[in-house]
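Peer 1: Heads up: the sequence shown runs through residues 1 to 382, numbered per UniProt numbering.
Just so it is clear, CB atoms sit at the ideal spot from N, CA and C, and this is done for glycine as well.
Let me begin by handing over the structure; questions about it come next.
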Amino acid sequence: MKINNRLNNIPEYELSKIKSIKEELIKKGEEIIDFGVGDPDLPVDNSIIAEMIRSFDKNGFNNYPPYDGIKELKQGIIEYYRETFGVNLNMNEVLILIGSKEGINNLMPAVCDLGDYVIIPKPSYPVYEATAKLWGVIPYKLPLKENDDYLPNIKLIPQEIISRSKLFIINYPNNPTGAIANEAFYKEIIKFCYNNEIILCNDGAYNEIIRSGEKPLSVLQFDYKKNCIEFGTFSKIYNMTGFRIGYIVGNSQVIKAILKIKTNVDSGQFMPIQYAALKAIKLDRNYVNSIRYIYDRRIALAEDILSKHNINFYKNSGTFYLWCKVPKDYTTNEFCEELLKKSGIIVTPGYAFGNLSYGHFRISLTKDDKIIEKGLNKLDIY
Ligand SMILES: Cc1ncc(COP(=O)(O)O)c(C=O)c1O
């Protein structure tokens with residue numbers, strides 16, 4: 001059978017070796033602690049669930065939803081951006097998505113033609129590179145270095161790549177490193193993209209997951225010419241990964257192009273889920289602060305244990321991840337597989353975020369304090 005050749009360039013989404021070791025251990029009845037996936041363990045606020053159930057009484061709840069999202073939720077996101085970031089958006093600058101992963105996929109053909117370049121910093125969320133390749137767009141991989149606090153150095157991008165690029169994806173707060181961006185960086189990269197007619201996209205999946213005391217930032221705060229776009233999601237801060245709901249905001253031309261693709265390939269999200277998301281985004285700021293406080297505590301606990309066991313990590317200010325160095329004398333694979341086989345601990349090997357990240361692994365702190373303590377203390381063998 002002949003299938004799309006481009007699929008050969010794309011790895012399986014799940015790391016198959018780790019997955020098969022895990023399945024074997026589970027079969028044997030071994031206990032596994034999974035610090036691999038970024039799927040929050042925290043509960044969904046009761047008011048969100050209640051609102052979803054209440055919306056089943058609305059006429060037409062079961063019908064095809066509007067492609068661009070229900071007006072109330074778009075309005076809720078407009079208010080959220082105004083109150084949190086001081087950014088004014090209109091209804092044409094907001095689009096509701098079936099999770100931001102769906103949006104990232106639709107963004108590629110919305111902005112790029114076959115053979116265009118997209119600039120993708122590395123390490124990064126693997127979906128950027130995979131969707132680029134799926135759509136025949138060429139990823140230019142820009143390395144992120146710890147010395148630069150994992151902010152891209154745009155001076156390293158060759159002129160010929162700049163002139164062939166239509167899209168630049170950044171992601172702050174950053175998965176997997178936990179690095180955050182600052183005003184000076186955003187201003188510099190916005191100017192660079194504007195001058196070179198490149199659309200700048202910040203994936204803001206973790207915009208609200210920052211250490212208490214940090215200020216949440218949106219790239220749109222510094223984007224006076226409205227050349228940028230930003231993803232948001234209800235998955236991480238509201239513990240709603242399974243609901244599949246997110247959004248994209250910013251440049252109306254890009255939003256219109258994504259909507260054109262969306263109307264042709266999928267539909268809007270189920271309306272009760274959109275009402276649940278509306279309830280979430282309207283929650284008091286105390287809610288967001290309470291989640292930050294939980295991750296502050298987990299990060300501090302994990303940092304303490306890792307330091308005790310001489311595991312080096314990047315001291316970050318955002319997300320619920322820790323980006324760590326593989327102990328000396330181990331390859332990344334040896335370490336991650338041994339950790340799972342000997343101690344039942346799953347971490348994500350750095351190369352899952354691009355092959356520039358061998359020598360690193362990511363810990364996701366989406367487990368409660370007791371499990372973090374128990375699991376990470378097993379690193380004492382290194
Ligand atoms: C950086 C980043 N962007 C987007 C997503 C996808 O989020 P969603 O659940 O909204 O599709 C993730 C999920 O892990 C992520 O880490």
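In angstroms, rounded to a whole number, what distance separates the CA positions of K166 and E160?
Peer 2: The residue you call residue 166 lines up with position 166 of the sequence shown. The residue you call residue 160 lines up with position 160 of the sequence shown. Rounded to whole angstroms, K166 to E160 spans 12 Å at the Cα level.
Peer 1: Distance, Cα to Cα, K262 vs Y67?
Peer 2: Walking along the sequence shown from the start, residue 262 turns up at place 262. Walking along the sequence shown from the start, residue 67 turns up at place 67. About 7 Å.
Peer 1: How many angstroms separate the CA atom of I381 from the CA atom of L339?
Peer 2: Position 381 of the sequence shown, counted from the first residue, corresponds to residue 381. Position 339 of the sequence shown, counted from the first residue, corresponds to residue 339. Rounded to whole angstroms, I381 to L339 spans 9 Å at the Cα level.
Peer 1: Once DSSP output is grouped into helix, strand and coil, what is the label at L151?
Peer 2: If you number the sequence shown from 1, residue 151 lands on position 151. Here L151 sits in coil by DSSP.
Peer 1: On the CB-based measure, 16 or more other CB atoms within 10 Å of its CB, does M1 come out buried or exposed?
Peer 2: Counting from 1 along the sequence shown, the entry for residue 1 is found at position 1. Per the 10 Å Cβ criterion, exposed.
Peer 1: For ligand 1, which residues have a Cβ under 6 Å from at least one heavy atom, in chain order?
Peer 2: Those residues, listed in chain order, are G38, G99, S100, K101, Y125, N171, N175, D203, A205, T233, S235, T241 and G246.
Peer 1: Assuming S230 is part of the beta strand (DSSP E), what are its boundary residues?
Peer 2: Start at 1 with the first residue of the sequence shown, and residue 230 comes out as number 230. Checking the displayed sequence, the identity of residue 230 turns out to be Glu instead of Ser. Its beta strand (DSSP E) spans residues C228 to T233.
Peer 1: Using three-state DSSP, classify K262 as helix, strand or coil.
Peer 2: Here the question's residue 262 lines up with position 262 in the sequence shown. Helix.
Peer 1: Go through its chain and collect everything with a Cβ distance to V254's Cβ below 7 Å, but skip five positions before and after it.
Peer 2: The count along the sequence shown starts at 1 and reaches residue 254 at position 254. Closer than 7 Å at the Cβ level, and outside the excluded window around V254, lie A110, V111, I199 and I229.
Peer 1: Residues bridged to F168 by DSSP?
Peer 2: Along the sequence shown, read from residue 1 onward, the residue named residue 168 stands at position 168. In the DSSP output, where bridge partners are listed per residue, F168 has I119 and L200.
Peer 1: Taking 7 Å as the limit between beta carbons, can you name the residues of its chain near N333, skipping five residues before and five after?
Peer 2: Residue 333 sits at position 333 when you count from the first residue of the sequence shown. Within the same chain, N333 has close Cβ partners P349.
Peer 1: Can you tell me the Cα-Cα spacing of E129 and K215, whole angstroms?
Peer 2: Reading the sequence shown from its first residue, position 129 is the one you call residue 129. Reading the sequence shown from its first residue, position 215 is the one you call residue 215. Cα to Cα, the separation comes out at about 29 Å.
Peer 1: The beta strand (DSSP E) with I248 in it runs from where to where?
Peer 2: As a position in the sequence shown, residue 248 is number 248, starting the count at 1. Per DSSP, I248 belongs to the beta strand (DSSP E) from G246 to G250.
Peer 1: Taking all protein chains shown into account, decide if L95 is buried (16 or more other Cβ within 10 angstroms of its Cβ) or exposed.
Peer 2: As a first step, residue 95 must be located in the sequence shown, where it is residue number 95. By the 10 Å Cβ count, L95 comes out buried.
Peer 1: Hey, which unbroken runs of the beta strand (DSSP E) at 3 residues or more fall wholly within the stretch 296-328?
Peer 2: Counting whole runs of 3 or more residues, the stretch 296-328 contains the beta strand (DSSP E) stretches 321-325.
Peer 1: Need the endpoints of the beta strand (DSSP E) that R362 sits in, please.
Peer 2: Within the sequence shown, residue 362 is the residue found at index 362, counting from 1. Note, R362: beta strand (DSSP E), H360 to S364.
Peer 1: Thinking C-alpha only, which one of R82, I273, Y13 and S218 is nearest S235?
Peer 2: Reading the sequence shown from its first residue, position 235 is the one you call residue 235. Comparing Cα-Cα distances from S235 to each of R82, I273, Y13 and S218, the minimum goes to I273.
Peer 1: Out of curiosity, what's the CA-to-CA distance linking K325 and D34?
Peer 2: Here residue 325 refers to the residue found at position 325 when the sequence shown is read from its first residue. Here residue 34 refers to the residue found at position 34 when the sequence shown is read from its first residue. Roughly 18 Å between the two C-alpha positions.
Peer 1: Can you name, in chain order, every residue of its own chain whose Cβ lies under 6 Å from the Cβ of R244, other than the five neighbours on each side?
Peer 2: Taking the sequence shown and counting its residues from 1, one reaches residue 244 at position 244. Correct list, in chain order: I98 and G99.
Peer 1: What residue range is occupied by the uninterrupted alpha helix (DSSP H) comprising P109?
Peer 2: For this step, residue 109 is matched to residue 109 along the sequence shown. Element bounds for P109: S100 to V111.
Peer 1: Could you give the residue range of the beta strand (DSSP E) that holds P272?
Peer 2: The residue given as residue 272 occupies position 272 in the sequence shown. Element bounds for P272: not the beta strand (DSSP E) but the alpha helix (DSSP H), M271 to I281.
Peer 1: With a threshold of 8 Å, are at least 3 pairs of Cβ atoms found where one atom belongs to the stretch 307-327 and the other to the stretch 172-188?
Peer 2: The stretch 307-327 is in contact with the stretch 172-188.
Peer 1: For I157 and chain C, any beta-carbon pair shorter than 8 Å?
Peer 2: The chain labelled as chain C is not found in the depicted structure, where only one protein chain is given.
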